[in-house]
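This report refers to the structure that appears directly beneath it.
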Amino acid sequence: MFFSKKKFKLASMIACGILASALFTGCGGGEKGSSGGGDKPAGDEIVIGSNFELTGNHAQYGANANNGLKLAIKEVNDAGGIKGKKIKIVEADAKSEAAESVNAATKLISDDKVIAIIGPAVTANVIAESQVATDNMIPVIGPAATNPDVTVENGKVKPYIFRACFIDPQQSEVMAQFAAKDLNAKTAVLYLDSSSDYSKSLGKIFKERFEADGGKVVMEEAFLAKDQDFKAALTKIQTANADVIFVPAYYEEVGKIVKQARELGITATILGTDGWDDTKVVDIAGKEALNNTFFCTHYFEGDEEVQAFIKAYKGEYNNDPNVFAALGYDAGKMLINAIERDGDTSQKIRDNIESIKDLPVGTGKITMDAATHNPIKGIVVIETKDGVRSLRTKIAPVTPEG
Amino acid sequence: MDFIHQLVQQLINGVSLGSIYALIALGYTMIYGIIKLINFAHGDVYMVGAYIGFAAVTIGNLPILPALLISMALTACLGMLVERIAYKPLRHAPRISLLITAIGVSFFLEYTSMYFVTPTPRTFPEVMPNISFNVGGFIINGQQLLILGITIILMAVLTYIVQKTKLGKAMRAASFDTETAQLMGVDSDKVISMTFCIGSALAAAAGVLVGVYYNTIDPLMGIMPGLKAFVAAVLGGIGILPGAVVGGIVLGVVEALVAGFLSSTFRDAAAFAILILVLLIKPSGLFGKNTNEKV
Amino acid sequence: MNSARKRDLVMLVFALVLYGVLQMMIITKIIGSFWELNIILICVNIILSASLNLINGYTGQFSLGHAGFMAVGAYVGVVVTVKFGLPLMVALIAGAIAAGILGFLIGLPTLRLRGDYLAIATLGLGEIIRIVIMNIDYVGGAAGFKGIPHLTNFTWVFFAMLATLFFIKNFVNSSHGRACIAIRENEIAAEAMGVNTTKYKVMAFTLGAALAGVAGGLFAHQFYLISPNSFTFLSSFNYLIMVVMGGMGSITGSIAGAFVVTFISAALASFPEVRMIIYALALILMMFYRPQGLFGYMELTNVGPIKKFLDKISGAKGAAT
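Chains as they are written, first to last, in the numbering used here: chain Z, 75 to 476; chain L, 4 to 298; chain R, 212 to 532.
This is the structure we're talking about:
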């Protein structure tokens, strides 16, 4: 043997100790839970859960959304709370993975007894969590989960799952129309992040709508999130010589794609979606490269109604909010509103979120569509020129059904 | 654009991507050569190097060259520190324990950095002019040319160090048999420490250059390049410096060709498939020597 | 021989008692649903670490692609239950067979490689499996497979775990298992002694892969959605950590390793910012003080007092019958 018996005994004793303590904590957690069950709103704090990707590949999105949420909650707490009660956020980590998102949500629900959950940021993680939330009748607001399947399953709305953003078909439709009508584009290339549900579904719908408007998608290429070098695929895309390139992806990759595309001499218009909405894109790609690019998003930073939020965010975190931060803030505002209107139980909060109407949030006014649990929000198309963003078009809110 | 033109452009893309893998692989392969450790933390040392360079440029307002040197110096210290604290006590432990320690160090560097610098990516200010050359219709990026040049120069310098200097001799002796080398008067601990020093400085150089070229750095940026660099090192024959460079460039070219002519989604799969094929045909890598194991 | 059987029986009784106690606590809600989920995860992880231990610990073949086999089991399993509407048992068996066949096909050529070369080859194959799954739209591609029925429960995972552990224990103690251990100790010497090293290496690899497939099936039916993201090489690292932390070549070690790693992760869930830092430090410190893992090559059933106790009961029972 490599070690003495005595040493081994010690190790096994430690192991047994850990086992025992694990069982103990396990039970401890459970007991605390069972005694606290039933009367959730008791105490002078309202406990809500934040389940965001704080580690792993999507940490930058999750962390930003979490910052937005924390700002919203801080504002209401600083103003005296809701009817004298402060809101407490319990944070859990979805670890950028579906199963871990379920694990974190389970912890928030069963151990921390949260009254509602905000998050995660990425679609798949919200969908994964939706079942455990539904089973326990805890309302969830996914701030930035734009896939239609998040709130709807088999044609029926999931009663406890909401979102604070528009949905993919709307984005793709707006951009497809913009390409076909405003830019008179005839041909398009799709360049998608094949590791992302978000990107793939946007690409699919863009293709349908763009071809319905008379255009043609001549090439589809893919990359993977966290890629650094896109030149190989871009060289291929260049051969297609299309009028527009549609890149529905997140800002970090987008910045590099635009930069490298321009370096290779691709002059086509590049279109994108709300994942582009971060001022970092300009830093990464460079001002010139971003000329002749357009993307759609939830708000325009020059709008009157978003100034208060941008100012507050800058004051708190000392940098510009990006789209995730803004939507995290909106989700927080929606939940606060639902609690304010006598939402003292999860069930009432659910009902209140469903009936949100013309609520002023960080990015404008929100009305919840009870049939789909999608907020009815406008979309803006933003043009970047010499590093400065300007509003190109504003599409008024429509019911998602239409 | 005809096929040949596209092929040549893809080869250019591949070589420039591969030179980055090669630059990271150089340090990887040196460290592996001497203590036979798959140093999974190497990619994270590269990340720390990038952040130090970033801090020097943004907070210290330094130009790129001093920033690069500061980053290399500090990261070299970090590498030596990691070796001293985490790897040295385990020199006689089973190799797999050392590997787990390396994974632990990797997690530690990633998430300690994330704790302090937040997961949001940072963008390098423009510190180097970014010129693209158009040579007969082929686009060549100036910065990538620079990276390739630096990689080749470093490879030459390192090969010189390893083959011609006293330290190099000691390194080769220690990598051949640490204990016997020690008996012959080689201070193995010092040699290993020096290897980590050089390897980490190389990683830092790669980190800063990649940060400048691709323009973003984030705390998890080292995971994939670290893995790819290891693949490159194995491909070329682990422990062999020119092998690392060739392996890196082969890997880059394969990725570019697969992405350009087949599908980008299978790019990584193809890179691994090539690795496995090479290993099956020549288990010690392209440049490796087959050694017979003894009982 | 006879007393070994009796000892198995005693262990079985202990396991059943443990099952009864835990199940009781789950039903009466003494264990809340968060810890119930984590107990299930611990059981799944025990299957994974024990099966990886068969490859890494007992046969000495350094595999880093375990998550890939788990993914195959998971995806085949959910296709069987969701697309064909068959029961979970069929799904688990199908997943095990699929992962086993793949393990065989991969193992046959790659197990000629040694040490770190094998490690990087298996790591690459694990990633290839994941990338291929990511590109199959039939199973949801990158978005993941949605709408998986929640069929896994504590009873399923516990008995699957128990079956796995007994299987591995008996395999290791059989002549096949002895051959595997001989390969670990010295491959060339084993070959010289007439052990067909390729056969046993591939056998261990195939069995390990098949069992990982079972774990994958159980894992998938616990969650509503599985995505290729859950099966990256980082999760393979995680299973390797469990094996090494517990002790290479010890079943008790695999149990302890899976338990400790899953438990640390769950217990630190309330401190998301520092969770990974603490975990990393725990890993490094653990390797400092016990580089051979908690149990090394030892089994809990062979430790002095426990062995005496077991011998006493099985011996006493033996005398009675």
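Think of the CB as a built atom: it goes at the ideal place given N, C-alpha and C, for glycine as much as any other residue. All figures in this text were calculated on a predicted structure; none of them were measured in a lab.
Assumed close pair residue i, residue j - CB separation to whole angstroms, cut-off 8 angstroms
{"i": "G288/Z", "j": "A254/Z", "result": "6 angstroms"}
{"i": "F127/L", "j": "N218/L", "result": "6 angstroms"}
{"i": "Y265/Z", "j": "F236/Z", "result": "Actually they do not touch by this definition, with Cβ atoms about 31 angstroms apart."}
{"i": "P213/Z", "j": "R424/Z", "result": "4 angstroms"}
{"i": "G329/Z", "j": "V355/Z", "result": "5 angstroms"}
{"i": "V406/R", "j": "I394/R", "result": "7 angstroms"}
{"i": "G284/R", "j": "G424/R", "result": "3 angstroms"}
{"i": "I410/Z", "j": "I156/Z", "result": "7 angstroms"}
{"i": "I106/L", "j": "F448/R", "result": "6 angstroms"}
Closest residue to residue i among the options (Cα-Cα distance)
{"i": "G255/L", "options": "N64/L, L65/L, A236/L, F43/L", "result": "A236/L"}
{"i": "A359/Z", "options": "P434/Z, V226/Z, F304/Z", "result": "F304/Z"}
{"i": "D357/Z", "options": "N426/Z, L308/Z, E327/Z", "result": "E327/Z"}
{"i": "V454/Z", "options": "Y387/Z, K407/Z, L409/Z, C370/Z", "result": "C370/Z"}
{"i": "S268/Z", "options": "K281/Z, V206/Z, D301/Z", "result": "D301/Z"}
{"i": "A286/Z", "options": "L345/Z, E378/Z, A259/Z", "result": "A259/Z"}
{"i": "N366/Z", "options": "I456/Z, A382/Z, E282/Z", "result": "I456/Z"}
{"i": "F470/R", "options": "V293/R, M456/R, F482/R", "result": "M456/R"}
{"i": "P243/Z", "options": "I279/Z, T261/Z, Y234/Z", "result": "I279/Z"}
{"i": "K91/L", "options": "F179/L, T198/L, H8/L, I134/L", "result": "T198/L"}
Own chain residues within Cβ distance below 8 angstroms of residue i, not counting five before or after
{"i": "I279/L", "result": "none"}
{"i": "E171/Z", "result": "G130, N199"}
{"i": "V228/R", "result": "none"}
Beta carbon proximity, residue i to chain L, threshold 8 angstroms
{"i": "I358/Z", "result": "yes"}
{"i": "I342/R", "result": "yes"}
Any chain Z beta carbon closer than 8 angstroms to residue i
{"i": "M117/L", "result": "yes"}
{"i": "R486/R", "result": "yes"}
{"i": "Y435/R", "result": "yes"}
{"i": "K357/R", "result": "yes"}
{"i": "L280/L", "result": "no"}
{"i": "F245/R", "result": "yes"}
{"i": "S109/L", "result": "no"}
{"i": "P122/L", "result": "yes"}
{"i": "D221/L", "result": "yes"}
{"i": "L101/L", "result": "no"}
{"i": "F352/R", "result": "In the sequence as presented, Phe is not what sits at residue 352/R; that position holds Gly. For G352/R, the answer is yes, since a Cβ of chain Z falls inside 8 angstroms of its Cβ."}
{"i": "T2/L", "result": "In this structure chain L extends from 4 to 298, so residue 2/L is not present and cannot be described."}
Residue-chain proximity (residue i, chain R), Cβ-Cβ < 8 angstroms
{"i": "P254/L", "result": "It is worth fixing the name first, because residue 254/L is Leu in this sequence and not Pro. No, its Cβ sits nowhere closer than 8 angstroms to a Cβ of chain R."}
{"i": "T343/Z", "result": "no"}
{"i": "I192/Z", "result": "no"}
Status (buried if at least 16 other CB within 10 Å, exposed otherwise) for residue i
{"i": "Q166/L", "result": "exposed"}
{"i": "L265/L", "result": "exposed"}
{"i": "I284/L", "result": "exposed"}
{"i": "Q272/R", "result": "buried"}
{"i": "K119/L", "result": "The amino acid occupying residue 119/L in the given sequence is Phe; Lys does not appear at that position. Exposed, since its Cβ has fewer than 16 Cβ neighbours within 10 Å."}
{"i": "H45/L", "result": "buried"}
{"i": "M414/R", "result": "buried"}
{"i": "T220/Z", "result": "buried"}
{"i": "H372/Z", "result": "buried"}
{"i": "R486/R", "result": "buried"}
{"i": "F482/R", "result": "exposed"}
{"i": "F386/R", "result": "Sequence inspection shows Ser at residue 386/R; the Phe mentioned does not correspond to that position. By the 10 Å Cβ count, S386/R comes out exposed."}
Proximal residues to residue i (C-beta, below 7 angstroms), its chain only, five neighbours per side dropped
{"i": "N125/Z", "result": "A166, A168, S175, A178, A179, L182, I191, G193, P194, E203"}
{"i": "Y216/L", "result": "Q146, Q147, I150"}
{"i": "C200/L", "result": "A79, G82, M83"}
{"i": "A139/Z", "result": "F126, G193, A195, P217, A218, F398, A399, L401, G402"}
{"i": "A342/Z", "result": "A316, D317, V318, I319"}
{"i": "Q13/L", "result": "A259, L260, G263"}
Contacting residues, own chain, Cβ-Cβ under 6 angstroms from residue i (five flanking each side not counted)
{"i": "D47/L", "result": "S109, L112, E113, G225"}
{"i": "I242/R", "result": "M236"}
{"i": "I524/R", "result": "V221"}
{"i": "A353/R", "result": "M345"}
{"i": "L336/Z", "result": "What sits at residue 336/Z in the sequence shown is Arg, not Leu. Taken in chain order, the residues that qualify are A363."}
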